[in-house]
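Note that the sequence shown covers residues -24 to -1, 1 to 163 in mature numbering (1 follows the signal peptide of the UniProt record, and there is no 0).
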Amino acid sequence: MMKQFLAARKAMRLWLIMPLFAVASPCLGQDKAEQENASLVRDTELKRKPFSDAPTITTLPQALDILVLSRQSSWLQIRAEDYTGWVKMFSVRFTGYAAQTSDSFAGTKELFNLITTGSSGSTVTTASRGLDENKFSDPAPNPDAFAVMQSLTTSKTEAHSFAKEQNLREQQQDYLQVSTPGSGDKS
């Protein structure tokens, strides 16, 4: 009962505040949005596009101050000196302060995020959640997970009948040739 009351109260408060944000948006933003300042932690290739095999524009030196413009996957679009391009996220250390650009709704967006999520900014993570170094250095078997995995197996007959129902055809694939380090093979 109390939870329903609190949820209804929060929803009503949100509906009352939202029109206020729409009206006050240009005032709150004051034509300012944030782009983050950072520096490079190592000599880094500046790429034309966010791909490892993209053409390199130039190599930027370690400790160079940069401005982070946007993010795509593990790549950051940056502006450094007279160049704009992409670098890997792991080559960047954020300095903790932000540069200003124009976006009249930036203040409203930040305030809306604060009210709805309890956070005023974004959090960037690149690691797998729930995994830490200790789980890899000292692994322990999980018999329950193994039992579940075994329960999900199917027989060859069931697999063939499923493939037939789905009009799938059997294909033969050659094994990949794995070269060992030092064998002279550059693959």
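Even for Gly, the Cβ is constructed at its ideal location relative to N, Cα and C.
Compute the beta-carbon to beta-carbon distance between valine 44 and leucine 36, rounded to the nearest angstrom, for a pair I have assumed lies under 8 Å. Taking the sequence shown and counting its residues from 1, the one referred to as residue 44 is at position 68. Taking the sequence shown and counting its residues from 1, the one referred to as residue 36 is at position 60. Not a contact, Cβ separation roughly 13 Å.
Only counting the same chain, and skipping five residues up and downstream in sequence, which positions put a Cβ closer than 6 Å to that of glutamine 126? As a working note, residue 126 is residue 150 in the sequence shown. Same-chain partners within the cutoff: there are none.
Please name the residue, chosen from Met65, Lys140, Ala139, that lies closest to glutamate 12 on a Cα-to-Cα basis. Taking the sequence shown and counting its residues from 1, the one referred to as residue 12 is at position 36. Among Met65, Lys140, Ala139, the Cα nearest to that of glutamate 12 is on Met65.
Between Ile42, Arg145, Ser155, Thr32, which lies nearest to threonine 71 when the distance is taken from Cα to Cα? By one-based count along the sequence shown, residue 71 stands at place 95. When only C-alpha atoms are compared, the closest one is Ile42.
Hey, would you say leucine 40 sits closer than 8 Å to alanine 56, going by beta carbons? Your numbering for residue 40 matches position 64 in the sequence shown. Your numbering for residue 56 matches position 80 in the sequence shown. The answer is yes: Cβ separation under 8 Å.
Candidates Val17, Thr34, Phe138: closest to glycine 61 by CA position: On the sequence shown, residue 61 is found 85 positions in, with the first residue counted as 1. It is Thr34 whose Cα lies nearest to the Cα of glycine 61.
Can you tell me whether DSSP reads glutamate 21 as helix, strand or coil? Within the sequence shown, numbered from 1, the residue matching residue 21 stands at position 45. In this structure, glutamate 21 counts as strand in the three-state DSSP scheme.
Whose C-beta lies closer than 6 Å to the C-beta of leucine 152 among residues of the same chain, with five residues either side of it excluded? Position 176 of the sequence shown, counted from the start, is the residue given in the question as residue 152. No residues qualify anywhere along the chain.
Tell me whether threonine 133 is buried or exposed, calling it buried when 16 or more other Cβ atoms sit within 10 Å of its Cβ. In the sequence shown, residue 133 corresponds to position 157, counting from 1. Exposed, since its Cβ has fewer than 16 Cβ neighbours within 10 Å.
Measure how close the beta-carbons of serine 67 and threonine 32 come, nearest whole angstrom, since I'm counting them as under 8 Å. As a position in the sequence shown, residue 67 is number 91, starting the count at 1. As a position in the sequence shown, residue 32 is number 56, starting the count at 1. That pair is no contact at about 13 Å.
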